[in-house]
Amino acid sequence: MSRLFNFLSLRRDFLWLKILFAIFTGLVGAALLHLIIVFSLPQFSQRDAYTRIIAEGESHRFYRLGEQPDRAGLSKEDPMMEMSVCSFDISETPVRLTAPNIGVPFWSLGVFDASSDEIFSINDRTSADHVLDVVVGTPAQLAALRKSLPRGFSQTVLVEAQQTEGYAVLRSFVTHKSVVPVISKFLEQATCAPFQWRTRVQF
Amino acid sequence: MFRVPFLVAIALAIAFGGGIWSTRLALDATIGFGAIKLGSWEAFPEAQTADADPYAKSHRANAGKLLYATAEGLSFTATTDDSGARLSGSCTYQLTGQTPTARFWTLFATGPDGRPPAADANLPSSLNSRMVGRQPDGSLDITIASRARPGNWLASPQQGQFRLTLTLLDTPAAGSSGLIDLSMPAIRRIGCGNV
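Residue numbers (this note's numbering), protein chains in the order written: chain A, 1 to 203; chain B, 1001 to 1195.
Below is the structure:
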């Protein structure tokens, strides 16, 4: 009788050991899955900034963001900053980002690649004459551009990008309601167009 | 007879449940490592760069926010006062001291829904460096309350917990984290209820 009892308790111990082992396996699996998700989320996320800016519409133009999230899910994140976004693809031609100096109190531009890593940033104080004039291109494009730099491009900032896709964010600071018209004009006049300089040089 | 499938089910349930739960928790709770912490203020100067840690990259890919680049500015957020208690709309707070060197700054309170206040709100729900009056030594003294206050008043949400966001525009603090001696304004609770 006692031998039978011993046998049963042994069986039970084995079962508990097995359950413990299953829990341990589960925890190891959970840690592994945690790491896999964290490391791979940037690759498959459909909610990242670049995907949202692509969803705004066609690339190579600035889209103004409002206070309420638009259909792409983007909105202003500071009530005192007006912002515009533009997505670009420089696989064929570089992109030129321009905006005139019409007296806004502050502007800043951030250029990011498709994985939302910062490539370049500039603000009105670090630019020449407070004018925004930036050309983003691949190293090969910029090497060709530097070789035959057209007239009037001495103030242009040339930015090399390793990835061919990316986006730009242009911000302007609303110090007071009275500057809103100037800022609106500034953001409307900002361009984010493909830069066709070869055709001009050939003429 | 069903012991082996039962054990496999336990292992799989813990692996998937635990893995997904812990990831969601980690991505919601923090923007990643590499925060600058000054009092109850917190900022992530490298969150938008290629040097960001995997958690920061994963967080920003999931949140889809447009982050400030280095030359643009740096956003500090605070969810607690200096004693460590959560900021509550039913309490009154006093924000005093200096901000790090910056050309401009903006300050606003975000309600429980996480949306920033409207720019044309009837109450002063957002302030900037051009608006506020300074102390004789140039330091700040801002009262944060849901009811009107004399002096510099930032309207906080009526009830519930809120979060303060102080964005420094064009600041050296964004570029060289930890190299300069930074100080942020202190957030002190004055009282709760009708004080």
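Even glycine gets a Cβ: it sits at the ideal position worked out from N, Cα and C. Bear in mind that the values here come from a model prediction, so they are computed numbers and not experimental data.
- The beta carbon of Thr156(A) sits no closer than 8 Å to any beta carbon of chain B.
- Residue state for Gly1018(B) is assigned as helix, using DSSP reduced to three classes.
- For the stretch 106-129 of chain A, the set of positions with a beta-carbon nearer than 8 Å to some beta-carbon of chain B reads Phe106, Ser108, Leu109, Gly110, Val111, Phe112, Ser115, Ser116, Asp117, Glu118, Phe120, Ser121, Ile122, Asn123, Arg125 and Thr126 in chain order.
- With its beta carbon less than 8 Å from one in chain B, Leu41(A) belongs to the interface.
- Within the same chain, Cβ atoms closer than 8 Å to the Cβ of Gln141(A) are found at Ile90, Thr93 and Pro94, the five residues on either side in sequence being excluded.
- Inclusion of Leu1066(B) and Val169(A) in the CB contact set at 8 Å is warranted, their separation being smaller than that value.
- Residue nearest to Thr1110(B) within the set Ile1144(B), Ser1058(B) and Phe1044(B) is Ile1144(B) (criterion: CA-CA distance).
- Residue environment for Phe88(A): buried (at least 16 other C-beta atoms within 10 angstroms of its C-beta).
- Contact with chain A is found for Ala1118(B), since one of that chain's Cβ atoms lies less than 8 Å from the residue's Cβ.
- Restricting attention to Pro1054(B), Thr1092(B), Ala1121(B) and Ala1155(B), the CA atom closest to the CA of Lys177(A) is found in Ala1121(B).
- Boundaries of the alpha helix (DSSP H) around Lys147(A): Pro139 to Lys147.
- Exclusion of the five residues before and after Phe112(A) leaves Ala49, Tyr50, Glu118, Ile119, Gly166, Tyr167, Ala168 and Val169 as the residues of its chain whose Cβ lies within less than 8 Å of its Cβ.
- Between Ala1050(B) and the set Lys185(A), Leu187(A) and Gln162(A), the nearest pair of CA atoms involves Gln162(A).
- By the C-beta density criterion, Thr175(A) is buried, having at least 16 other C-beta atoms within 10 angstroms.
- Chain order gives no chain A residues near Pro1124(B), where near means a beta carbon separation below 8 Å; the closest approach is about 11 Å.
- Looking at the backbone, the Cα of Thr1070(B) and that of Leu20(A) are separated by about 50 Å.
- Below the 8 Å Cβ cutoff, chain B contributes Arg1060, Ala1061, Asn1062 and Gly1064 as neighbours of Asp48(A), in chain order.
- Closer than 9 Å at the C-beta level to chain A, one finds these residues of the stretch 1071-1103 of chain B: Ala1071, Glu1072, Gly1073, Ser1075 and Arg1103.
- When C-alpha distances from Ala1015(B) are compared across Gly66(A), Thr164(A), Trp16(A) and Ile37(A), the shortest belongs to Ile37(A).
- By the C-beta density criterion, Thr126(A) is exposed, having fewer than 16 other C-beta atoms within 10 angstroms.
- Listed along the chain, the chain A residues whose CB falls inside 7 Å of the CB of Ile1031(B) amount to none; the nearest CB is some 13 Å away.
- Closer than 8 Å to the CB of Ser1156(B) there is not a single CB belonging to chain A.
- Under DSSP, Pro194(A) takes part in a beta bridge, and its partners are Val95(A).
- Under DSSP, Phe120(A) forms a beta bridge with Val111(A).
- Counting only the Cα atoms, Ser115(A) lies some 8 Å from Gln43(A).
- Per DSSP, the unbroken beta strand (DSSP E) holding Phe173(A) starts and ends at Glu165 to Phe173.
- Across the structure, Leu17(A) and Thr1092(B) are spaced so that their CA atoms are roughly 56 Å apart.
- Chain order gives the chain A residues near Ser1022(B) as Ala30 and His34, where near means a beta carbon separation below 7 Å.
- Less than 8 Å separates the beta-carbon of Leu1169(B) from that of Phe1104(B).
- Taking all protein chains in view, the Cβ of Val136(A) is crowded by 16 or more other Cβ atoms within 10 Å, so the residue is classified as buried.
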